[in-house]
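Throughout the sequence shown, residue numbering follows UniProt numbering, covering 1 to 363 in sequence.
The block underneath contains the structure these notes are about, expressed in structure tokens.
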Amino acid sequence: MTRATRASEIAISLSVYEVGSTTLFLLGGEAKQDAWLAMLLGAGAGLLLLLIYLLMYRLDSERDLFELCRHYLGSTFGWIAAFAFTAYFAYEASRNFRDIGELAVQTLLNRTPMPIIIFISIIIGSYVTYLGPRSAFRLSVVYAYIMAVGYALILVLLPMTGLLHAQFMFPVLEHGLTPVWRAAMPEIVSFPFGQTILFLVYFKYAQKGKHLGRLAIVSYLITAVFLTVMNQLVILVLGPEIAAIGTYPMFMVVQMMEVSNVIERADALFVLLLFMGIGMKANFFLIGAGIGLQRITGIRYKLWVIPLGITVFGLTYLSPTFTEYFRVGLKLTVDRLMPVTQVVIPGILFIAMLVRKKKRKPA
């Protein structure tokens, strides 16, 4: 791929990627009515991580994440780090495809076997992966317009239903800052805000001198505010206790929406938006894993599409039941795996880059 991608396309793709499946879940439920504070705290920490990732890109804009690992961490440790990121991206792709399957079975396609849904989704994702990052960026822009209109309708119509209860916001900080901190760290930072680490694979494709950093930060801030509002709407409708125990609480909210006997199936619109968001997020993870395999092995990117798709399909069934899948996602992936791939390894890489750059400066 040539360096011809607009910075605005990458920034919009970052927003679509961040939204992904995030609206499907309640984040910060441990903080109850203060979930919005936990969201803002997590978003602030995620912004700090994004700034570090952008600075890493600025220090060496010619290399992607995998190339940075190999160049600055040495052949052995660089290979290990690059492989860790590749495995992480492939695993995250599998979880997103599993989300598509679970959501489809529990909502619109309850008579269709989930393996078939996941298999078809991976075929589509593999085709997008074969076309490459540029096609994914452009597809994200199209999806962004559709998702913006769809979510705007939900945000406009929901207050008209009379379902919102402002009293669920209070009392603020009833139990102090401790529950807010625990809800945000590391859960909300890891998912979704810290997942911007993936875009260190894609920043190098932006046109030079096109203010990528500024556009990425603006896109991130708008998305963070949107996700905070959507997350808090769930609590304002269901209440903090019910919202915290629901599997897909936002889906429960849109199912309750009814406006003047005209809007009665907002859940179908919401599921469509989710399919778009989750699908694009899975595609970006899949492409990232494919690029990683090329960097590690030297084998051409497109030759990895089919083996990668088969591997991801197998990974979707590491957890045989939905309960175990949900538990693994929360306890293992979010609390343990993501902090390593989003903070620890990038932190070591960032320090190595600073040291190398400093040594090269003339005395």
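The beta carbon of each residue, even a glycine, is placed where N, CA and C say it ideally should be.
Outcome for residue i when other beta-carbon atoms lying within 10 angstroms are tallied against a minimum of 16
i, result
"VAL237", "buried"
"PHE170", "exposed"
"GLY292", "buried"
"MET257", "buried"
"SER75", "exposed"
"LYS357", "exposed"
"MET160", "exposed"
"PRO115", "exposed"
"LYS331", "exposed"
"TYR127", "exposed"
"LEU349", "buried"
"THR223", "buried"
"LEU65", "buried"
"SER327", "The question names Ser, but residue 327 in the sequence shown is Arg. ARG327 should be labelled exposed."
"LEU198", "buried"
Alpha carbon of residue i to alpha carbon of residue j, nearest angstrom
i, j, result
"MET1", "MET280", "Note that MET1 scores 41 on pLDDT, short of 50, meaning its location in the model is unreliable; the coordinates nonetheless yield the value given after this. Rounded to the nearest angstrom, the two C-alpha atoms are 19 Å apart."
"LEU68", "PHE85", "12 Å"
"LEU227", "MET353", "33 Å"
"ILE10", "VAL142", "13 Å"
"ILE220", "GLY125", "In the sequence under discussion, the amino acid at residue 220 is Tyr, which differs from the Ile named in the question. Straight-line Cα distance between these residues: approximately 24 Å."
"ALA152", "VAL254", "13 Å"
"PRO320", "THR129", "27 Å"
"ALA148", "SER13", "13 Å"
"VAL225", "VAL19", "11 Å"
"ILE287", "SER190", "20 Å"
"VAL105", "HIS211", "42 Å"
"GLU62", "ALA144", "28 Å"
"LEU55", "PHE193", "17 Å"
"ILE146", "LEU200", "26 Å"
"ILE123", "PHE137", "18 Å"
"LEU47", "TYR17", "15 Å"
"THR107", "GLY329", "21 Å"
"LEU163", "LEU155", "12 Å"
"residue 417", "PRO249", "Look at the range of the chain in this structure, 1 to 363, and you will see that residue 417 is not part of it."
"HIS165", "ILE306", "49 Å"
"SER342", "GLN195", "This sequence places Gln at residue 342; Ser is not what is there. So the alpha carbons of these two residues sit roughly 7 Å apart."
"PRO133", "PHE203", "11 Å"
"TYR53", "ARG111", "44 Å"
"THR178", "PRO186", "13 Å"
"MET252", "VAL271", "11 Å"
For residue i, the three-state DSSP class (helix, strand or coil)
i, result
"THR107", "coil"
"THR316", "coil"
"THR161", "helix"
"THR247", "coil"
"THR5", "strand"
"ALA363", "With a pLDDT of 47 at ALA363, under the threshold of 50, the predicted position of this residue should be treated as unreliable, though the coordinate-derived value follows. It is coil, neither helix nor strand."
Beta-carbon proximity list for residue i, same chain, < 8 Å, skipping 5 on both sides
i, result
"ALA363", "At ALA363, the pLDDT of 47 sits below 50, so the modelled position is not reliable and the matter cannot be decided from this model."
"LEU274", "SER21, THR23, LEU24 and LEU103"
"VAL355", "none"
"LEU173", "ASP34, LEU37 and VAL180"
"ALA206", "ARG3, THR5, ARG6, ALA7, ILE10 and LEU212"
"ALA268", "LEU108"
"LEU59", "MET353, LEU354 and LYS357"
"ILE118", "PHE97, ARG98, ILE100, GLY101, PHE313 and THR316"
7 Å CB neighbourhood of residue i in its chain, flanking five on each side removed
i, result
"SER8", "LEU215"
"SER94", "VAL312, LEU315 and THR316"
"ALA289", "THR86, PHE89, ALA90, ALA93 and LEU308"
"ALA38", "GLY28, ALA31, VAL180, ALA183, ALA184 and ILE188"
Cβ neighbours of residue i in the same chain (closer than 6 Å, five flanking residues each side left out)
i, result
"ALA81", "CYS69, LEU73 and ILE345"
"ASP99", "SER21 and ILE278"
"SER121", "PHE97 and ILE100"
"residue 384", "Look at the range of the chain in this structure, 1 to 363, and you will see that residue 384 is not part of it."
Anticipated Cβ contact below 8 Å, residue i with residue j, distance rounded
i, j, result
"residue 408", "LEU27", "With the chain covering 1 to 363 only, the question about residue 408 has no answer from this structure."
"GLY42", "ILE188", "3 Å"
"LEU50", "ILE217", "7 Å"
"GLY239", "PHE168", "5 Å"
"LEU233", "LEU158", "6 Å"
C-beta neighbour in chain D for residue i, strict 8 Å
i, result
"ALA148", "Annotation note: the requested chain D is absent from the structure, which comprises a single protein chain."
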